[in-house]
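The opening residue of the sequence shown carries number 2 in this note's numbering; numbering runs sequentially from there.
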Amino acid sequence: MGSLKAVGLTVIVLVGLGIIAGGITWIVLWTRDSSPPPPELIPIDWWQHCTLYQIYPRSFKDSDGDGIGDLKGITEELEHFADAGVDAIWMSPIFSSPMVDFGYDISDFYNIHYEYGTMDDFKVLLNRSHELGIKLLLDFVPNHASNESDYFKKSLAREPGYEDFFIWADARPDPNNASNRLPPSNWVSQFGGSAWEWREERQQYYLHQFAVEQADFNFRNEAVREEMIKIMKFWLDKGVDGFRVDALPYLIEADPTDHGGRYPDDPLSGLIQFEPHQLGYTIPLYTKDLIELYDVVYEWREYVDRYLEDNPGDTRVLFSEGYANVSMTMLYYGNEEGAIGAHFPFNFDFITDLSSRSTARDFVYTILRWLTYMPQGATANWVFGNHDNNRMPTRFRENMVDGLNALNMLLPGVAVTYQGEEIGMKDGYVSWEDTVDVEAINRGDEDTYLLYSRDPARTPYHWNNLTNAGFSTANRTWLPVAEDYPEINLAKQKEDARSHFKVYQALTALRKEKALSHGEYNIRALSDRSLYLVRYLRTYDTIVLLFNVADRSDVINLNSVMHLKLPATVYISSINSTRNTGDVIESEQLTLAPGEAIVLKAEPVA
Numbered sequence: 002m003g004s005l006k007a008v009g010l011t012v013i014v015l016v017g018l019g020i021i022a023g024g025i026t027w028i029v030l031w032t033r034d035s036s037p038p039p040p041e042l043i044p045i046d047w048w049q050h051c052t053l054y055q056i057y058p059r060s061f062k063d064s065d066g067d068g069i070g071d072l073k074g075i076t077e078e079l080e081h082f083a084d085a086g087v088d089a090i091w092m093s094p095i096f097s098s099p100m101v102d103f104g105y106d107i108s109d110f111y112n113i114h115y116e117y118g119t120m121d122d123f124k125v126l127l128n129r130s131h132e133l134g135i136k137l138l139l140d141f142v143p144n145h146a147s148n149e150s151d152y153f154k155k156s157l158a159r160e161p162g163y164e165d166f167f168i169w170a171d172a173r174p175d176p177n178n179a180s181n182r183l184p185p186s187n188w189v190s191q192f193g194g195s196a197w198e199w200r201e202e203r204q205q206y207y208l209h210q211f212a213v214e215q216a217d218f219n220f221r222n223e224a225v226r227e228e229m230i231k232i233m234k235f236w237l238d239k240g241v242d243g244f245r246v247d248a249l250p251y252l253i254e255a256d257p258t259d260h261g262g263r264y265p266d267d268p269l270s271g272l273i274q275f276e277p278h279q280l281g282y283t284i285p286l287y288t289k290d291l292i293e294l295y296d297v298v299y300e301w302r303e304y305v306d307r308y309l310e311d312n313p314g315d316t317r318v319l320f321s322e323g324y325a326n327v328s329m330t331m332l333y334y335g336n337e338e339g340a341i342g343a344h345f346p347f348n349f350d351f352i353t354d355l356s357s358r359s360t361a362r363d364f365v366y367t368i369l370r371w372l373t374y375m376p377q378g379a380t381a382n383w384v385f386g387n388h389d390n391n392r393m394p395t396r397f398r399e400n401m402v403d404g405l406n407a408l409n410m411l412l413p414g415v416a417v418t419y420q421g422e423e424i425g426m427k428d429g430y431v432s433w434e435d436t437v438d439v440e441a442i443n444r445g446d447e448d449t450y451l452l453y454s455r456d457p458a459r460t461p462y463h464w465n466n467l468t469n470a471g472f473s474t475a476n477r478t479w480l481p482v483a484e485d486y487p488e489i490n491l492a493k494q495k496e497d498a499r500s501h502f503k504v505y506q507a508l509t510a511l512r513k514e515k516a517l518s519h520g521e522y523n524i525r526a527l528s529d530r531s532l533y534l535v536r537y538l539r540t541y542d543t544i545v546l547l548f549n550v551a552d553r554s555d556v557i558n559l560n561s562v563m564h565l566k567l568p569a570t571v572y573i574s575s576i577n578s579t580r581n582t583g584d585v586i587e588s589e590q591l592t593l594a595p596g597e598a599i600v601l602k603a604e605p606v607a
């Protein structure tokens, strides 16, 4: 007897069973190979499947007792990220700043803000991060600079080389009053009021799409573009692993030369609830998402890629921020002509399009929309919260925390965590008297400020149940610590038998599975209440998430879950679940409690 191998089959040859017409009878039996070879796995870069954690430095950890978080505080707690399974961290701005917008109004792009520490402190943080195998990214803010920056002071004085570093424009005459001046256009700031501010010294207005103190750079000026490259090079030379790039939709405004030599008015929205000074009164046709801005992003990607060629090592990345419609957002990846942009634009759909009122079908639709529009071969990412929006458990429900973190970790691509999501931190209450957010102060008043305030999502991190949640020894912290810190804090969750943090740890550990880093996906709604996500790869365990996003229980049929073979084993479940790790699920019918999430491991697909 002999055997021959074929792809996926075994050939068995039996000889000597008889003689027919002077020949030998051959009987060939074909049987399926019981162990097909595993698929060939294409190597992926470090960033393509990483868990990325956003630190808001001012609220993370205070090392010197002044009530403000700092770089030494982050360094002291770096083990937290290693323990949590985080691969990379990015910090909201740490550069010199008057702190009108808490670091997003930069006065010196080449230095560390004094409240956060020194350049030596930064180097220690960077080196220790790399020792732990954690990448470190900075928050790059190219759209604007503080009006206290040297750039602005020189431009204000019309110093040669800086005359047009910012957007300057003459006043418009008032047809009803010759002695009065009007702003160059009707553009409205993101923080309310006119986007134009008059300066007597220059007898012109300058543009600020955000706070008055944040003057917009002129990206039609080649010198500005060159300066941005110099800033990136400075920090790349220090050893940072890349940048999160802020506020890109506002990078370029309409060119006056295309509009008769003046800045054109934005069209009116027609929404009667808004007054001329309020955001929403106009449609930002000439101030947001202009197509020319993408060329700047593509230039930056070219530079970062060239930098890698000249300075070999791990990939340096650009992750872009911009709230835009899906078509405009996808252009940050690149365009149809082959230009390459950011490694990915942040996906804010879970923030802008979903809430506690969303159904399972809403969730699935939102996820598939991103994956459908995303360019072939690009990397997805998922963001559930950040420093500009209400925290995840506040926008959704507390019993959904583990399910949302599971969805984040199990979807293909990069999982992004905002500071505190790993322990289920909610918005902290900040009174009008304690409010420091410039947007809330500019757009609101004592009765309406919470509609605009970003402070509740920025309250200090809850390390333990001691004074100020272990954040600081100060008598007063820059923002008040949320009152629920005795119940929601990291130390307690490390001790509890079941906790959000332990679920988070289990999920980041699971991300090492090849089905998650290399596998296919299938996601569908089983009803208005429940959805499933399946990640599968031949010869590797199949991973299944079952998640009830509703506030009522739901009975689901597991036969409807594609690629799931029963029995299956519970890998991890939400803290409100009656199922425990190791439980075996055999029944086709399963009841999910409100907000309940279960992650299963099952047999590989055939």
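Don't be surprised by glycine CBs; every beta carbon is placed ideally from N, CA and C.
As the structure is a computational prediction, the values presented were derived from the model and not from experiment.
Which same chain residues, not among the five before or five after residue i, have their C-beta less than 6 Å away from its C-beta?
i: residue 149; result: 99, 108
i: residue 598; result: 403, 404, 407, 548, 575
i: residue 294; result: 252, 253
i: residue 334; result: 342, 376, 379
i: residue 552; result: 595
Buried or exposed: where does residue i fall if 16 or more other Cβ atoms within 10 Å of its Cβ makes it buried?
i: residue 498; result: exposed
i: residue 426; result: buried
i: residue 185; result: buried
i: residue 358; result: exposed
i: residue 373; result: exposed
i: residue 375; result: buried
i: residue 290; result: buried
i: residue 162; result: exposed
i: residue 401; result: buried
i: residue 199; result: exposed
i: residue 92; result: buried
i: residue 312; result: exposed
i: residue 590; result: exposed
i: residue 156; result: buried
i: residue 292; result: exposed
i: residue 428; result: buried
i: residue 62; result: buried
Identify, in the order they occur along the chain, each residue of the same chain with its Cβ nearer than 7 Å to the Cβ of residue i, setting aside the five sequence neighbours on each side.
i: residue 588; result: none
i: residue 643; result: Since the first residue shown for the chain is 2 and the last is 607, residue 643 is missing from the structure and cannot be characterised.
i: residue 126; result: 72, 75, 76
i: residue 57; result: 93, 388, 420, 459
i: residue 563; result: 523, 535
i: residue 214; result: 99, 101, 106, 147, 148
i: residue 329; result: 290
Please state whether the Cβ-Cβ distance between residue i and residue j is less than 8 Å.
i: residue 283; j: residue 187; result: yes
i: residue 287; j: residue 254; result: yes
i: residue 386; j: residue 419; result: yes
i: residue 224; j: residue 153; result: no
i: residue 491; j: residue 456; result: no
i: residue 572; j: residue 511; result: yes
i: residue 304; j: residue 393; result: no
i: residue 54; j: residue 101; result: no
i: residue 85; j: residue 509; result: yes
i: residue 230; j: residue 299; result: no
i: residue 365; j: residue 525; result: yes
i: residue 144; j: residue 248; result: yes
i: residue 40; j: residue 538; result: yes
i: residue 320; j: residue 246; result: yes
i: residue 473; j: residue 68; result: yes
i: residue 297; j: residue 396; result: no
i: residue 129; j: residue 183; result: no
i: residue 278; j: residue 339; result: no
i: residue 600; j: residue 544; result: yes
Between residue i and residue j, which are expected to be in contact by the criterion C-beta below 8 Å, what is the C-beta distance as a whole number of angstroms?
i: residue 138; j: residue 243; result: 5 Å
i: residue 114; j: residue 141; result: Not confirmed; about 15 Å, so no contact.
i: residue 546; j: residue 559; result: That belief does not hold up - the Cβ atoms of residue 546 and residue 559 are roughly 13 Å apart, past 8 Å.
i: residue 579; j: residue 554; result: Actually they do not touch by this definition, with Cβ atoms about 11 Å apart.
i: residue 281; j: residue 272; result: 6 Å
i: residue 612; j: residue 169; result: Nothing can be reported for residue 612: it is not among the residues displayed for the chain, which extend from 2 to 607.
I'd like to confirm the pairing. Which residues does DSSP put opposite residue i in its beta bridges?
i: residue 603; result: 543
i: residue 200; result: 205
i: residue 419; result: 55
i: residue 140; result: 245
i: residue 440; result: In the DSSP output, where bridge partners are listed per residue, residue 440 has none listed.
i: residue 178; result: 175
Short of 8 Å in beta carbon distance, which residues of its chain neighbour residue i, apart from the five on each side in sequence? Order them along the chain.
i: residue 202; result: 157, 158
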